[in-house]
DNA sequence: AACTAAACTGTTACCGATAACATGAATACA
DNA sequence: TGTATTCATGTTATCGGTAACAGTTTAGTT
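Residue numbers (our numbering), protein chains in the order written: chain A, 1 to 315; chain B, 1001 to 1315.
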């Protein structure tokens, strides 16, 4: 492996000059810079990341901590990791996948944390290295997420535009920030149209929302659209409506949220929010590296939601 | 952060002794060892992985290169990564996810490669760092895989035991080693029972195997079992049989291979081979780290297949 | 007792980079 | 013309470890 010294010899300068050409090119004359660049090219020089890390007291390691249970059937985490890994790779950082338990073992330059809940706030606050969360939060941590509120707001709006007269919100029974935001989007749209919000909350399992519809079928008027907080819940609603003999999308509408995979097994496909998790993962990485290298906080990064049309809303 | 020197001072020894206690404890007297251990404990000393890596000319980075297109709907890769990451983490190594394109950028201590095809053999041979492949191969590279041959052998055996009189093999139309092995398992079982093998090959899409059965329905005798090289192909077969009015498992049997996820959307569930990709990923990591640290080749690591009973074989 | 080998422990140099300081040349200003 | 200031480059020490070698005991032989 060629080192700084090799390049320095070849270019007839000190190794410090070579180092400067790489890190502070403005402090070296163009003439020497050219010499050094040429030497680097000829020798196919690649800096030794490890030596750099040692000198800088950095590690070039980013820890990714997934706090929720990993549902490996959802490609969500896979996409997230691919997105993050892509960016880190580009910047010569490497990724360490850690759990809450082995979180503290080994150094790193920063953290990406996903699936944070209230109980985690305290220890996250104590971290001394930069952190970016994947998923919105209300504790002031930087994060990357879809604009959840805008998502349900837009879907509700679309449902109304398509002529559904009742909008029922089917939410996830959890106290996480994204859920509040999704509820808020629905509520705002409904209120802007002088309608009364109706919300129900379940654990995020399709059979629970399914059960709900089946048991309340006779009280659900035609021309109702269900705005669901997840595709999972939406699929349950869809199945129940079909089982009860309701017609989708003519008499009933359904919308979901996420659109990562589950939707592929629904028929008709759920109209939902498409999130590009890979892209968001990349952004998450970029965000964190910026923070590490500049030392500045970047603030939250919110992706505007895109509606992914399926067959569960008219037209 | 406490360093070797801090520990050395506290224990009243040279830092070299501390280093020895960590790396060659047999070369230090028990007395000093105790002192050092105590100092380490009191100071909560954790070695600096980066400095170690620099001194050892290592990087503590393992590159994972996925050569096939990543089908993110299959949790396969996710599981693989989780398995690998778990092990690496345990040994304080970190994972770098690379593609064929950025493969050469940056150093590492070893490679895990999955999805290798013939065309890749040459460049893989040229690698100077230890390599472990995920997926069997016939070029002498170390690998981790399920015993593919045993898998189809066992499924064929089971089908025969259940009384199916004809066994048709539905394979993947590719020249990869695992496919040859799966075919070989079927063929061996069939020949041991003095039957004539019948093989068909398709690209790995369910609609292709589905089409095949539909078009040849009248030529397929009752009491036939289809031994398929993948769950994907098996699902196609299953759908076609049902569509054509055949009865599963009474009149027709179907078996798959993989059982990672797709099977979850089949009804009835395919009887298939269950692979614990996470565990195999871990093994892959262990294998590679062994190789890196000992310098010795470990040979292939083959996991014996486990049959996962679904509803596509009688009884 | 003298000599050699083995077993510990300490010293030094080095891994490949960077920051802080030192040096020397060029420019500025009085 | 002499001195202050700036700018470009080189020198040294350092990051936190490890290997190779050197020095000191201790034990074993004759």
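Glycine is no exception: its CB is placed at the ideal position from the N, C-alpha and C atoms. Predicted model only: the values in this text are computed from it and were never measured.
If you reduce the DSSP assignment to three classes, tell me which class residue 174(A) lands in. coil
Inter-residue spacing [alpha-carbon to alpha-carbon] between residue 1211(B) and residue 1276(B): 31 Å
Delimiting residues of the beta strand (DSSP E) encompassing residue 1111(B): 1110-1114
Roughly how many angstroms lie between the CA atoms of residue 257(A) and residue 1253(B), to the nearest whole one? 38 Å
Could you check the C-alpha separation between residue 1125(B) and residue 1116(B) for me, to the nearest Å? One C-alpha to the other measures close to 12 Å.
Any Cβ of chain A within less than 8 Å of the Cβ of residue 1019(B)? no
If I follow the unbroken beta strand (DSSP E) through residue 1146(B), where does it start and stop? 1143-1146
Where does residue 7(A) land, buried or exposed, given buried means 16+ other C-beta within 10 angstroms? For residue 7(A), the number of other beta carbons within 10 angstroms of its own is at least 16, and it is reported as buried.
Report the rounded CA-to-CA distance for residue 1035(B) versus residue 1047(B), giving the unit in angstroms. 17 Å
Output, in chain order, the set of chain A residues within a Cβ distance shorter than 9 Å of residue 1107(B). Going along chain A in sequence order, the residues near residue 1107(B) (Cβ under 9 Å) are 1, 46, 48, 49, 50.
Residue 1098(B) - containing beta strand (DSSP E), residue span: Residues 1094-1098.
Can you give the Cα-Cα distance for residue 1196(B) and residue 1167(B), rounded to whole angstroms? If I take the Cα positions, the gap works out to 9 Å.
Of the residues 1001(B), 1024(B), 1045(B), which one's Cα is nearest the Cα of residue 1011(B)? The candidate whose alpha carbon is nearest that of residue 1011(B) is 1045(B).
Could you tell me which residues DSSP puts in a beta bridge with residue 1089(B)? Note: residue 1089(B) sits in no beta bridge, so no partner.
Cβ shell of residue 1202(B) (< 6 Å), same chain only, five flanking positions each side left out: 1173, 1208, 1209
Just to make sure I have the definition right: I need the residues of chain A whose C-beta is within less than 9 Å of the C-beta of residue 1054(B). Which are they? 48, 50, 51, 53, 54
Tell me, please, whether the CB atom of residue 114(A) is closer than 8 Å to any CB atom in chain B? no
Take the Cβ of residue 1190(B) as the centre, count every other Cβ of all protein chains shown within 10 Å, and call the residue buried at 16 or more, exposed below. buried
Determine the extent of the beta strand (DSSP E) in which residue 196(A) is found, giving its start and end residues. Neither: residue 196(A) is in no beta strand (DSSP E) and is coded neither H nor E.
Using the beta-carbon of each residue, which ones in chain B are nearer than 9 Å to residue 7(A)? None at all; the shortest Cβ gap to chain B is about 17 Å.
Meets three-Cβ-pair contact criterion under 8 Å: the region 92-112 of chain A and the region 55-64 of chain A: Taking 8 Å as the limit for Cβ pairs, the verdict is that the region 55-64 of chain A does touch the region 92-112 of chain A.
Cβ shell of residue 322(A) (< 8 Å), same chain only, five flanking positions each side left out: Beyond the ends of chain A as shown, which are 1 and 315, falls residue 322(A); an answer cannot be given.
Can you tell me where the beta strand (DSSP E) with residue 1306(B) in it begins and where it stops? 1306-1308
Please confirm whether residue 237(A) has its beta-carbon closer than 8 Å to some beta-carbon of chain B. With 8 Å as the cut-off, residue 237(A) does not count as an interface residue toward chain B.
Could you check whether the region 84-98 of chain A touches the region 1082-1100 of chain B, counting it as contact only if at least three pairs of C-beta atoms, one from each stretch, sit closer than 8 Å? Contact between the region 84-98 of chain A and the region 1082-1100 of chain B is present, because at least three Cβ pairs lie under 8 Å.
Taking contact to mean 3 or more Cβ pairs, one atom from each stretch, closer than 8 Å, check whether the region 24-39 of chain A and the region 233-241 of chain A are in contact. Three or more Cβ pairs closer than 8 Å define a contact, and the region 24-39 of chain A falls short of that threshold against the region 233-241 of chain A.
Return the CA-CA distance between residue 160(A) and residue 301(A), expressed in angstroms with no decimal places. 29 Å
Report yes if the CB atom of residue 185(A) is closer than 8 Å to the CB atom of residue 149(A), and no otherwise. Taking 8 Å as the Cβ cut-off, residue 185(A) and residue 149(A) qualify as a contacting pair.
Determine the chain A residues that contact residue 1313(B) at a beta-carbon separation under 7 Å, and present them in chain order. The contacting residues do not exist; residue 1313(B) stays about 24 Å from chain A at best.
In chain order, what residues of the same chain have a beta carbon less than 7 Å from the beta carbon of residue 154(A), not counting five sequence neighbours either side? 305, 307
Would you mind reading off the limits of the alpha helix (DSSP H) that contains residue 1053(B)? 1049-1055
Would you list, in chain order, the members of the region 121-142 of chain A that have their beta-carbon closer than 9 Å to a beta-carbon of chain B? Against chain B - using a Cβ distance shorter than 9 Å - the region 121-142 of chain A contributes no residues.
What residues in its chain sit with their C-beta under 6 Å from that of residue 165(A), if we drop five residues either side in the sequence? Same-chain partners within the cutoff: 223.
Return the CA-CA distance between residue 169(A) and residue 255(A), expressed in angstroms with no decimal places. About 10 Å.
Counting only beta-carbon separations shorter than 8 Å, does residue 97(A) have a partner in chain B? yes
Can you name, in chain order, every residue of its own chain whose Cβ lies under 8 Å from the Cβ of residue 118(A), other than the five neighbours on each side? Correct list, in chain order: 175.
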